[in-house]
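*Asks:* This is the structure, below, for whatever I ask next.
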Amino acid sequence: MPEDSQRPSRHRDEVVVPLRKSGPGDEALDAIVVGGGAIGLACAWRAARRGLRVRVLERDRPGAGASGVAAGMLAPVGEANWGESGLMRMAIASARAWPAFASELAADSRLEVGYEACGALHVALDRDEADELRRRFELMASMELGVEWLRPRGCRDLEPGLAPTCAGGVHAPGEAAIDPRLLVAALAAAVEHGGGEVIVDADVTGGLIEGGRLVGVATADGREHRAGRVVLATGAWSGTTPWLPPEARLPVRPVKGQMLVLRGSPELRPCERIVATERVYVVPRPDGRLVVGATVEERGFDVQVTAGGVHELLREAYRALPEVAELELVETLAGLRPGTPDNAPLIGPWGPEGLLVATGHYRNGILMAPLTSEAIAALLASEPPPGSAQQAHPGRFAGESEPRLAAAPALEETPR
Amino acid sequence: MRSRVDSGSRTPVSVPGDGPADGGAARAGDQPDSGFDLGDRSWGSRLIVGSGGFPSLEAMERALTASGAEIVTVALRRVDPGARGSALEVIDRLGLFALPNTAGCYTARDAVRTAHLAREVFETDWIKLEVIGDDRTLFPDAVELVGAAEILVDEGFTVLPYTNDDPILARRLEDVGCSAVMPLGSPIGSGMGIRNPYNVQIIVERATVPVILDAGIGTASDAALAMELGCDGVLLSSSVARAKDPERMALAMRRAVEAGYGARRAGRIPRKLHAEASTPGEGIPELG
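Chains A and B supply the protein sequences, listed in that same order.
Note that this note's numbering has the first sequence beginning at 1, numbered continuously upward.
Note that this note's numbering has the second sequence beginning at 1001, numbered continuously upward.
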């Protein structure tokens, strides 16, 4: 399969950022970040803020992978699941960090980042779904997520566009959303303004290993990029990194998601907040667009948009919010989430000395960007990462029970 | 698409048999299960688990291990057999048999085509045949089902059809050459248990191929009941995958299937209206 066909390739607004085709000379860099999605860029930005010299190598354009297809829900409530309490703790910690992250990013980038504290309403559309949602609500409530059970009338008072079949719901007023495309553009700009570089069309083809330590990478154009550390943030492709030794292969697989973008008008806004059922979510954007997502498909690197996928998303969105039928269908997209065996990300040292990974965020990359980037920036600065990020240590699938924190010489549990 | 190397050629665990259920009840304590024949193979576990709906691959792996299942169904429509790190890799690593199914097919033609694709990529001619009638109930479409079964049997497939709890339909499927019949207990994913145990019992009495209860199991007692009714096995998915603790539920299901099978073989006492004292009356000598 040609490389390009593996990437989300639908027509869409181009991200406009000051992009470089090549960087300045190879003076001492503190970190190379491989992958210019939301995670890679956020790591670079937070590192630059700490005064580190960073360079991001993106083989396509910033946000060309999953970031450009993400809905941008900052909604840990919807991810609540039994047996995943560690993941939930990370999601909640990161969601709490989002408001400050967004305002700092707006200041550093001088761009709009599109953070909307819109809240979310998880609804059931029949009795069966209501029973299932109530079961989930009890879990949410036990995690003190600030949720409230609403009877059908309460749901429709909040969202009059909801189908009258609504059988109850969970209101999560603390949830928020961000437009990931604005986010990516702002992050890229913030990296540049902070003294870092974002280099596009830079396909990393080799790792520079000296004395067992990864000291940099080589790109397809023959250039070498040397740095104190290399951060791998290549999303769904991190499990297939050919320039890493085979034993350092990461347990990351692509999980396909299809989504749609609809466009309404100021008079036609089917909902004011995130509306989610057990099968679909609808995220309103301030400009009147509506994002509908997402399928979850184990299809390898396939990013075909299928009739069945679009049908399912539209049918389920229509079932919840009948007014969506009136909207213009402006985009159909498919992207690849980086999935791990336990759905939790991989953040920290891994494989050869000098390598840090920040990947495997599955459905939660945008949500987890603040926590991940803070952890990576701390490790790059030889400081202990936030305690909640330590549950994402990459060695957990290789039989390492404790995080390997090579970056920090004197390490203790961070006081929370 | 890369095809998998060894999915079809694996020899499942074979447990030495001690005859059919009715014959060997006396030594049941020594050998809790004799294993059962399905297709041209003998299987040690009577529990078949679906691979869909688990919260994570790790949760699936733990549950499959706890279940003791040897056969795991996989929806061809929902996985790419060539993809690395997917459910199939887990099933392979655990040494289980991945049984492809035709979930999501609504016509005989679609099901037959999907079975062909499955044979190619899974390198097995076993197929769990599902032809769905509507997406609200997910009930089988009987007419399409028999049509697809005829074609696939004729083409040499080992056909395991998901069917209604209709004894006549079950017999028709057997007559066209299916290797088992797999009646539902209640709608897929409903967890409503076995709504018509009489029909299941009639199917069991008349069948000469294995009967596997497929769909509707909600909790362990449902699985035990299926076995007590005389089913040869149970196929379940949602009840484990969507349990709060899938691993624990998988273990419970494994034990329930064993318990129900054991109770069936042990021969239950008849139901009576009045009490019958378990201690013998005065003056009657205890024997043995």
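Glycine is no exception: its CB is placed at the ideal position from the N, C-alpha and C atoms.
What is the DSSP secondary structure of methionine 143 of chain A, reduced to helix, strand or coil?
*Replies:* It is coil, neither helix nor strand.
*Asks:* DSSP on arginine 59 of chain A, reduced to helix/strand/coil?
*Replies:* Coil, per DSSP.
*Asks:* Within 10 angstroms of its Cβ, does histidine 393 of chain A collect 16 or more other Cβ (buried), or is it exposed?
*Replies:* Flag for histidine 393 of chain A reads buried.
*Asks:* What do you reckon, is the C-beta of aspartate 1222 of chain B under 6 Å from a heavy atom of the ligand PLP?
*Replies:* Among the ligands in the structure shown, none appear at all, so the ligand PLP cannot be discussed.
*Asks:* With respect to the beta strand (DSSP E) encompassing glycine 168 of chain A, which residues constitute its N-terminal and C-terminal limits?
*Replies:* Run containing glycine 168 of chain A: 168–172, per the beta strand (DSSP E) assignment.
*Asks:* So is arginine 363 of chain A buried or exposed if we call it buried at 16+ other beta carbons inside 10 Å?
*Replies:* Buried.
*Asks:* Enumerate in chain order the residues of its own chain whose CB-to-CB distance from glutamate 148 of chain A is below 6 Å, with the five nearest sequence positions on each side excluded.
*Replies:* Contacts found: His171.
*Asks:* Can you tell me whether DSSP reads isoleucine 1269 of chain B as helix, strand or coil?
*Replies:* DSSP places isoleucine 1269 of chain B in coil when its eight states are reduced to three.
*Asks:* Which same chain residues end up closer than 6 Å to threonine 1114 of chain B when comparing Cβ atoms and leaving out the 5 residues on each side of it in sequence?
*Replies:* Once the five neighbours on either side are set aside, the close Cβ partners of threonine 1114 of chain B are Leu1076, Thr1102 and Cys1105.
*Asks:* Less than 7 Å between CB atoms is the rule here; does serine 1238 of chain B satisfy it with respect to chain A?
*Replies:* Taking Cβ atoms only, chain A never reaches closer than 7 Å to serine 1238 of chain B, which makes this a no.
*Asks:* So with CB distances below 9 Å, who are the chain A contacts of glutamate 1205 of chain B?
*Replies:* The premise fails here: glutamate 1205 of chain B is roughly 33 Å from chain A at the closest Cβ pair, so nothing lies under 9 Å.
*Asks:* Applying the 10 Å Cβ sphere with the 16-neighbour rule, what's the burial state of glycine 1112 of chain B?
*Replies:* Reading off the sequence shown, one finds valine at residue 1112 of chain B, where the question assumed glycine. Under this definition valine 1112 of chain B is a buried residue.
*Asks:* Can you tell me the Cα-Cα spacing of cysteine 43 of chain A and aspartate 128 of chain A, whole angstroms?
*Replies:* Going from the Cα of cysteine 43 of chain A to the Cα of aspartate 128 of chain A covers about 43 Å.
*Asks:* Serine 1056 of chain B versus chain A: which residues are under 7 Å apart at the beta carbon?
*Replies:* Chain A residues near serine 1056 of chain B: Pro341, Asp342 and Asn343.
*Asks:* Considering only residues of the same chain and omitting the five flanking positions on each side of glutamate 312 of chain A, which have a CB-CB separation below 6 Å?
*Replies:* No residues qualify anywhere along the chain.
*Asks:* Less than 7 Å separating the beta-carbons of aspartate 1165 of chain B and leucine 1145 of chain B?
*Replies:* No.
*Asks:* Just reading off the alpha helix (DSSP H) that proline 76 of chain A is part of, what are its end residues?
*Replies:* No alpha helix (DSSP H) contains proline 76 of chain A, which DSSP labels as neither H nor E.
*Asks:* If you draw a straight line from the C-alpha of phenylalanine 1157 of chain B to the C-alpha of aspartate 1125 of chain B, how long is it?
*Replies:* Distance between the alpha carbons of phenylalanine 1157 of chain B and aspartate 1125 of chain B: 5 Å.
*Asks:* Ignoring anything shorter than 4 residues, give me the alpha helix (DSSP H) runs that lie fully in the stretch 1184–1268 of chain B, in order along the chain.
*Replies:* Runs of the alpha helix (DSSP H) inside the stretch 1184–1268 of chain B: 1197–1206, 1220–1228, 1238–1241 and 1246–1266.
*Asks:* So aspartate 1245 of chain B contacts chain A; which residues on that side make the cut at Cβ distance below 8 Å?
*Replies:* In chain order: Trp82 and Gly83.
*Asks:* Contact defined as beta carbons within less than 8 Å: I believe proline 1210 of chain B pairs with aspartate 1232 of chain B. What is the distance between those atoms, to the nearest angstrom?
*Replies:* Right, their Cβ atoms sit about 4 Å apart.
*Asks:* When you compare the CB positions of leucine 327 of chain A and leucine 262 of chain A, do they come within less than 7 Å of one another, or not?
*Replies:* Yes. Within cutoff.
*Asks:* Tell me which residues of the stretch 293–309 of chain A have at least one Cβ-Cβ distance to chain B shorter than 7 Å, keeping chain order.
*Replies:* From the stretch 293–309 of chain A, only Glu297, Glu298, Arg299, Gly300 and Asp302 have a Cβ closer than 7 Å to chain B.
*Asks:* Apply the 10 Å Cβ neighbour rule to histidine 361 of chain A and answer buried if 16 or more other Cβ atoms are within range, or exposed otherwise.
*Replies:* Buried is the call here.
*Asks:* Do you know offhand how far valine 1271 of chain B's Cα is from glycine 1193 of chain B's?
*Replies:* Per the sequence presented here, residue 1271 of chain B reads as arginine, with valine not at that position. Approximately 22 Å between the Cα atoms of the pair.
*Asks:* Can you tell which of A:Glu58, A:Ser373, A:Ser67 and A:Arg289 has the C-alpha that lies nearest to the C-alpha of methionine 90 of chain A?
*Replies:* Of the listed residues, the one whose Cα sits closest to methionine 90 of chain A is A:Ser373.
*Asks:* On the DSSP letters alone, give me the boundaries of the alpha helix (DSSP H) that arginine 1041 of chain B sits inside.
*Replies:* Looking at the DSSP string, arginine 1041 of chain B is not in any alpha helix (DSSP H); the run it does join, the beta strand (DSSP E), is 1041–1043.
*Asks:* Mark isoleucine 1071 of chain B as exposed unless 16 or more other C-beta atoms lie within 10 angstroms of its C-beta, in which case mark it buried.
*Replies:* When all chains shown are included, isoleucine 1071 of chain B counts as buried.
*Asks:* Tell me the DSSP secondary structure of aspartate 157 of chain A in three-state form.
*Replies:* Helix at aspartate 157 of chain A.
*Asks:* Can the beta-carbon of valine 1257 of chain B be found closer than 7 Å to that of alanine 1207 of chain B?
*Replies:* Not a contact, by the Cβ cut-off of 7 Å.
*Asks:* Got a sec? Which residues, its chain only, sit under 6 Å from methionine 1249 of chain B by beta carbon, not counting five neighbours each side?
*Replies:* Val1240 and Ala1243, listed in sequence order.
*Asks:* Any Cβ of chain A within less than 7 Å of the Cβ of serine 1086 of chain B?
*Replies:* Taking Cβ atoms only, chain A reaches closer than 7 Å to serine 1086 of chain B, which makes this a yes.
*Asks:* Answer with buried or exposed for proline 164 of chain A, where buried requires no fewer than 16 other C-beta atoms within 10 angstroms of its C-beta.
*Replies:* Result: exposed.
*Asks:* Below 7 Å on C-beta distance, what does alanine 1142 of chain B contact in chain A?
*Replies:* Per Cβ cutoff of 7 Å: no residues; alanine 1142 of chain B is ~24 Å from chain A at best.
*Asks:* Unbroken beta strand (DSSP E) runs of length 3 or more, entirely within the stretch 281–323 of chain A: which are they?
*Replies:* Correct list: 281–284 and 289–293.
*Asks:* When the Cα of proline 173 of chain A is compared with those of A:Ala186, A:Gly222, A:Gly37 and A:Pro76, which residue comes out closest?
*Replies:* Of the candidates A:Ala186, A:Gly222, A:Gly37 and A:Pro76, the one whose C-alpha sits nearest the C-alpha of proline 173 of chain A is A:Pro76.
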